[in-house]
Structure formats: structure tokens, C-alpha cells
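**Student:** Residue numbers (full-length UniProt numbering): 1 to 151.
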Amino acid sequence: MSKERKIVVFNIDGEEFAAEISQVERILGYMEPVKIPEAPVFIKGVIKYEGSIIPVIDIKKRFNLNSTEIKSEQKIIVVKNEDKKAGLIVDNVSEVTDIAEDNIEDAPEIVKGVSNKYISSIIKINERIIILINTENILSRDEMMSLNSIM
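#1: If you run the structure through DSSP and keep just helix, strand and coil, what is I36?
#2: Looking at V96: is its Cβ nearer than 8 Å to the Cβ of L88?
#3: What residue range is occupied by the uninterrupted alpha helix (DSSP H) comprising K60?
#4: How big is the Cα-Cα spacing for E136 and N81?
#5: Using only CA atoms, which one of E4, F10, K6 and R5 lies nearest to I130?
#6: Where does N103 sit, in a helix, a strand or coil, going by DSSP?
#7: Indicate whether I12 and V90 have their beta-carbon atoms separated by less than 8 Å.
#8: Assuming A86 contacts I57 under a Cβ cut-off of 8 Å, what Cβ separation, rounded to an integer in Å, is found between them?
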């Protein structure tokens, strides 16, 4: 029997991405973040979440994807890494599902060279290809420290 992993599947620019459920704390409806002067271009701003201020990352800009207008079904996925939290803006969240380990493959070398710090694996289910991201690497330690200094 193959081991399974639980993932949250979401869409960005018509492509399917996923994150391990263990890295996701909550899925919020979209709210416009408060902008921060001098923040990196991929930081949309900050929101108040459970009494704390957390950065909100525009994944499209972080991944160098086309940036389109705000859609009504956009969500903010709150991800956690140790004691740090951040919000990721996605076009929509489509499902939470269990994936057999047999369907998870290492990312191809061509992908690894460009953005292996963000991509954990590739999930293949029938004709679907879902990119499993490593949310822990969305913000580097240095980026998090510089954000903390301007927040």
C-alpha cells in the first residue's frame, strides 16, 4: 500500500500548484493588504491575522508569472514555517486531497535549475500535472529579516 500525503491544490494563472497541508494554517478570503514602502515588488503588503501582522506575497510576481487583475475568487493561503507566517495570494483553492506517494516525482532538472528553491516535486494524476511548492522557501531568511525591519 502506497503512503499518502495530504495537499491543498490551488490555481495561479491557470496552472495547478499545491502545498502540503502541514505547511498550511488557514485559507482566507481575499482582503486588500496594506502596502509597505520599500518592500520587495513581490510583497503585496501586510494583513492582520490572529492579532499579528503578516506579510502577503503575490505568488505571481514571486514566480515571475503573468500578473492579472484581482479575481473575485482569490484567496490568501496562510502558510507557516517554524514561528513565521505569511500569506500567499492565489487565484483560487480547488481542493484538499490525499495523493499517493507513487504519483509524486522529483522536479525535472530544467525546472530545478530555475526555481528549485520553490518547487518541491511534481504530482502526476491521470492527465493532470500539479507543481508541489515548498512554502518554506517562498521567503528567504534574509528577506524575512529585512521585512521585519520595515514592518
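No residue lacks a Cβ here, since even glycine has one placed at the ideal position from N, Cα and C. Note that the structure is a prediction, hence the values are computed from the model and not measured.
**Tutor:** In short, the structure shows the following:
#1: Counting from one through the sequence shown, the residue named residue 36 turns up at place 36. Three-state result, I36: coil.
#2: As a first step, residue 96 must be located in the sequence shown, where it is residue number 96. As a first step, residue 88 must be located in the sequence shown, where it is residue number 88. No.
#3: The residue you call residue 60 lines up with position 60 of the sequence shown. Note, K60: alpha helix (DSSP H), I59 to R62.
#4: One-based indexing of the sequence shown puts residue 136 at position 136. One-based indexing of the sequence shown puts residue 81 at position 81. Answer to the nearest angstrom: the Cα atoms are 6 Å apart.
#5: As a position in the sequence shown, residue 130 is number 130, starting the count at 1. Nearest C-alpha to I130: F10.
#6: Counting from 1 along the sequence shown, the entry for residue 103 is found at position 103. Three-state result, N103: helix.
#7: Here the question's residue 12 lines up with position 12 in the sequence shown. Here the question's residue 90 lines up with position 90 in the sequence shown. Cβ distance < 8 Å, so I12 and V90 count as in contact.
#8: Along the sequence shown, one-based indexing puts residue 86 at 86. Along the sequence shown, one-based indexing puts residue 57 at 57. Contact holds; Cβ gap of about 6 Å.
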